[in-house]
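Okay, so the sequence shown: first residue is 1 according to the numbering used here, each after it adds one. All C-beta atoms in this analysis are idealised placements derived from N, C-alpha and C, irrespective of residue type, glycine included. Fair warning: this is a prediction, and the values are worked out from it, not measured in the lab.
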Amino acid sequence: MFDLKQISKENQIEDYRSKIAILSLENKIQIIKEVISDPYKFINYNNIFSELLYDLASNTPEYYQILELIASKFNKDLAYANLFEPLIKVGKERKDIALFLFNKIMCNPDNDELKCLGGHLLGGIYLGNKKELVTYLQERTEETNPHVILAYVRSLRIVYRESTIDDSFFKLIDVYRAKNFEISNLELIHLSFDKYSKNPQRFFNLIRLLLECNPNKYAHTVFYRLLYLDYFLDEHFFALIDIGKTSENTTVLKDICSCFIKYPSHASQIMDCIFFWIKKNKIFWISLVDHVLDELSKKEKNFIVEYIKRYSALSLEYGYPFPPPMFQSLLHDTAEDALEVIEDIKCTNRIEELAKLTLLREILQYCYKDIAHLPTLKELAIHLHVEFSNTPYTECRFNARIFKQSTINKDQYHELIDEINTFIEALIYGRRSFDFKEIFENLDNYKNIKKYAQSILQECQIKKKYSPLLWMLEYNNTDAVVTNRSDKGWGKAYLFELENGLPIFERTPNDKYPTQSMREKHIKDSLSNTDRFWTFITELLLLNKIGPDSIICLSKQFNYKSDIDVIVAFGSKVLLLEITFPDTHRELKLMDSASKLKSKTYSVIDKKYKQFMKSGAYKEIENSDNNLFFVVIDGSQVPLFGVDVSEATDGPLSLTVKINNSTHEIVDEKLFFNYKESIWPQNDKFKYISGIICFKRLPVQNCEGTWYIGLEGIIISNPKGKNILSPSEVILLSQKLFVKELDMEFCKTD
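Encoded structure:
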């Protein structure tokens with residue numbers, strides 16, 4: 001017996017022919033049925049299949065059953081060579097058998113799919129006799145069965161493989177196209193691509209007419225064939241693209257996009273199509289588009305030029321600059337070219353300027369990925385400084401030291417990234433004018449702030465510099481009631497905290513700024529510097545919540561190396577507080593999305609703990625049970641702060657799935673925190689941390705209508721800490737600091 005499993009794919013024909021003599025008819029029928037019935041065996045043993053299909057050809061019921069089985073297994077619109085060739089060979093070399101089978105097939109009213117295979121037999125019968133085939137088909141032009149029409153078209157496709165195309169051929173084609181049957185039209189498309197090189201214009205017209213007739217039905221076949229066609233005129237391709245690009249089938253759009261790689265000299269036409277998809281919100285559903293644009297941009301700089309031109313025009317049409325889809329796919333190895341093109345844009349209005357800045361920010365995002373892009377990054381910074389340094393109320397400052405160095409480390413690179421991003425964001429989102437009359441009138445209501453802010457705001461007015469005090473003080477008391485999410489609510493709340501916190505800072509003992517004049521200078525410097533402004537605000541918020549009577553000292557120095565921010569009396573205990581104000585993740589600032597972000601809370605606890613140990617303050621904890629050390633984290637700028645805190649203190653959220661080995665079904669799922677990866681159990685070094693105090697700010701309006709900053713927070717004790725607060729003490733301290741508890745329910749599991 002002939003065992004398929006023992007045959008190597010390379011030698012299967014030789015093995016079959018060496019054993020054919022000992023195989024019975026039943027053996028052969030069994031083998032071909034086995035191959036047909038299993039798609040994987042058909043792929044692996046298709047050569048044997050072809051041999052058997054020819055060898056077994058006869059006018060017997062058994063062979064007819066094999067043909068019926070084949071017809072039921074394969075899509076009638078696909079031209080498998082393994083089906084074509086053996087049946088064509090039967091038609092050519094065994095005409096009597098082929099005619100008997102063909103007539104029997106065509107007379108059978110119950111099996112239309114089998115009629116499609118009849119076209120192979122008919123093509124073989126008339127191979128080399130195209131005039132006779134044409135005569136045969138002309139006598140049957142009244143045929144109305146779509147499957148028979150398909151068989152006729154397929155016979156033409158076979159007979160005219162190498163023959164010269166004549167008018168009679170095209171007349172028959174016109175007849176079949178006019179019948180407008182989907183399955184025969186698909187075969188006409190295949191035929192047109194086969195013969196395209198013989199008469200490009202005539203067959204292009206046929207393809208175009210069919211595609212226009214029903215793009216949704218025929219586009220997949222058209223553009224799939226174009227993927228593998230070596231010769232097709234450019235103008236014909238883009239004429240078909242204009243029809244096919246409207247398809248709702250993402251597979252069709254992927255095939256169109258893949259075809260673009262063969263046309264690198266047509267940047268303008270390809271970008272017309274890309275931006276058509278962008279406007280229709282289809283671009284992100286098309287797989288491979290990023291890869292295709294990457295490959296094209298390497299071959300031709302014009303793709304970047306055309307993209308930027310169309311993006312700028314579309315932003316102007318929309319009235320706002322939208323995130324430029326797939327732009328970074330064009331930047332691989334060509335970011336310098338893109339930057340050069342963007343630099344040359346001359347903006348005549350605000351929309352064009354915003355579009356340009358959005359593109360420049362995309363360049364920045366691309367540079368962020370690799371320090372090797374330092375030359376491009378420096379060029380970007382220089383351009384921004386030259387073009388936008390005089391923009392009102394927008395501070396432009398880059399680290400000059402970094403620019404002088406030919407090589408820099410990763411931290412310096414990220415510092416430059418942050419500075420450029422801050423400047424671009426200020427240019428995009430910043431205000432260009434302020435009502436200083438209203439600002440100075442409102443300032444008169446805050447005598448403590450006015451002491452420091454008067455000169456700062458005057459400098460802002462003269463030099464057109466920005467300060468957060470500007471938007472805080474630019475409000476109108478006659479405005480309608482504001483919501484707690486409005487700028488006016490936030491601004492008034494911050495002014496309240498500043499007005500009340502500045503006197504506390506001035507009067508509290510301070511090791512770092514021991515004299516009154518030093519403290520006043522520090523206050524003015526902090527209010528003048530935008531970066532330091534918000535860190536200082538966080539300090540004042542804590543001072544206001546704790547209250548002046550409970551504060552022992554600020555910036556307490558235990559040795560010359562470092563200090564502790566705030567020392568607080570809390571009942572019989574002394575709390576040493578280190579305050580930190582982490583900014584938004586750089587990944588989130590720069591990228592449209594970030595799949596994984598390392599916990600900010602984890603890193604700031606570790607950093608503050610090192611600072612605590614360096615200060616020598618740990619000895620206070622070591623030598624006393626009543627001294628406690630807390631890291632205070634203002635997470636107002638950290639997205640999903642509750643998740644971030646949970647990941648640091650409880651470990652990353654993990655999922656375990658239990659699967660039944662026999663059925664492969666999920667039988668159990670468990671969500672849990674991987675505590676071993678949290679900060680506490682790493683080792684004993686964190687034992688001096690009593691816990692962390694986490695909060696986010698929110699504006700609150702009391703019953704009298706006064707706005708202030710409330711804190712939404714939580715106190716988490718270190719389970720391995722040497723000195724920690726009791727549960728009742730945690731509640732008391734929370735009530736003192738917070739208006740509500742930080743919502744972390746979505747992080748918890750059963």
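Rounded straight-line distance, which links the Cα of residue j to that of residue i
i: F612; j: P639; result: 26 angstroms
i: A313; j: F284; result: 20 angstroms
i: A338; j: K298; result: 12 angstroms
i: F322; j: A355; result: 8 angstroms
i: I551; j: I449; result: 21 angstroms
i: R225; j: F193; result: 7 angstroms
i: N349; j: T391; result: 14 angstroms
i: L628; j: Y320; result: 53 angstroms
i: D525; j: K492; result: 22 angstroms
i: V481; j: I605; result: Note that V481 scores a pLDDT of 45, beneath 50, so its modelled location is shaky and nothing firm can be said.
i: K610; j: E419; result: 26 angstroms
i: L209; j: K254; result: 22 angstroms
i: S329; j: E352; result: 22 angstroms
i: A400; j: Q412; result: 11 angstroms
i: E729; j: K447; result: 37 angstroms
i: A79; j: H220; result: Residue confidence for A79 is low, a pLDDT of 47 falling below 50, so the modelled location carries little weight; the figure read from the coordinates is stated next. Between A79 and H220, the C-alpha separation is close to 15 angstroms.
i: C396; j: L384; result: 8 angstroms
i: L172; j: G123; result: 15 angstroms
i: N442; j: G635; result: 30 angstroms
i: I165; j: K130; result: 10 angstroms
i: D167; j: D38; result: 43 angstroms
i: W490; j: K404; result: 41 angstroms
i: S595; j: I417; result: Below a pLDDT of 50, predicted positions are generally treated as unreliable, and S595, at 43, falls in that range; the measurement from the model is reported next regardless. Their backbone Cα atoms lie some 20 angstroms apart in a straight line.
Cβ shell of residue i (< 6 angstroms), same chain only, five flanking positions each side left out
i: E132; result: Y126
Neighbour flag for residue i against chain B, beta carbons, 7 angstroms
i: L233; result: Absent from the structure: chain B. Only one protein chain is present.
Buried or exposed by the 16-neighbour rule on C-beta atoms within 10 Å, applied to residue i
i: S467; result: buried
i: N623; result: exposed
i: P228; result: First, the amino acid is wrong: residue 228 is Tyr here, not Pro. With fewer than 16 Cβ atoms within 10 Å of its Cβ, Y228 is classed as exposed.
i: R485; result: The predicted position of R485 is uncertain, since its pLDDT is 45 and thus under 50; a value taken from the coordinates is nonetheless stated next. Exposed is the call here.
i: D96; result: exposed
i: I158; result: buried
i: P146; result: buried
i: N476; result: exposed
i: C107; result: exposed
i: A98; result: buried
i: C273; result: buried
i: S258; result: buried
i: L527; result: buried
i: K179; result: exposed
i: F204; result: buried
Cβ separation of residue i and residue j, assumed to be a contact under 8 angstroms, to the nearest whole Å
i: D290; j: M326; result: 6 angstroms
i: I243; j: P215; result: 6 angstroms
i: N57; j: Y63; result: In the sequence as presented, Asn is not what sits at residue 57; that position holds Ala. The pair is a contact, with the Cβ atoms about 6 angstroms apart (cut-off 8 angstroms).
i: I579; j: T538; result: 6 angstroms
i: Y494; j: M472; result: 5 angstroms
i: F303; j: A335; result: 13 angstroms between Cβ atoms; not a contact.
i: D435; j: E474; result: 6 angstroms
i: L188; j: L211; result: About 11 angstroms separates the two Cβ atoms, so there is no contact after all.
Cβ-Cβ distance between residue i and residue j below 7 angstroms
i: I342; j: L364; result: no
i: F558; j: S615; result: yes
i: A426; j: T394; result: yes
i: S184; j: L150; result: yes
i: L577; j: F630; result: yes
i: V153; j: Y136; result: no
i: E300; j: P264; result: yes
i: Y708; j: I621; result: no
i: E295; j: P324; result: no
i: R68; j: L114; result: Note on residue identity: the sequence assigns Glu, not Arg, to residue 68. Result yes, Cβ atoms of E68 and L114 sit closer than 7 angstroms.
Own chain residues within Cβ distance below 7 angstroms of residue i, not counting five before or after
i: I523; result: Y452, L502, F505
i: K676; result: G651
i: E459; result: K465
i: V90; result: Y54, A57, I97, A98, L121, G124
i: K410; result: I371
i: E379; result: L339
Beta-carbon contacts of residue i that lie in its chain and below 8 angstroms, excluding the five residues immediately before and after
i: L711; result: L541, K545, F695, K696, R697, L698, L737, F738, V739
i: T649; result: T601, S678, I679, W680, I692, I716
i: N103; result: none
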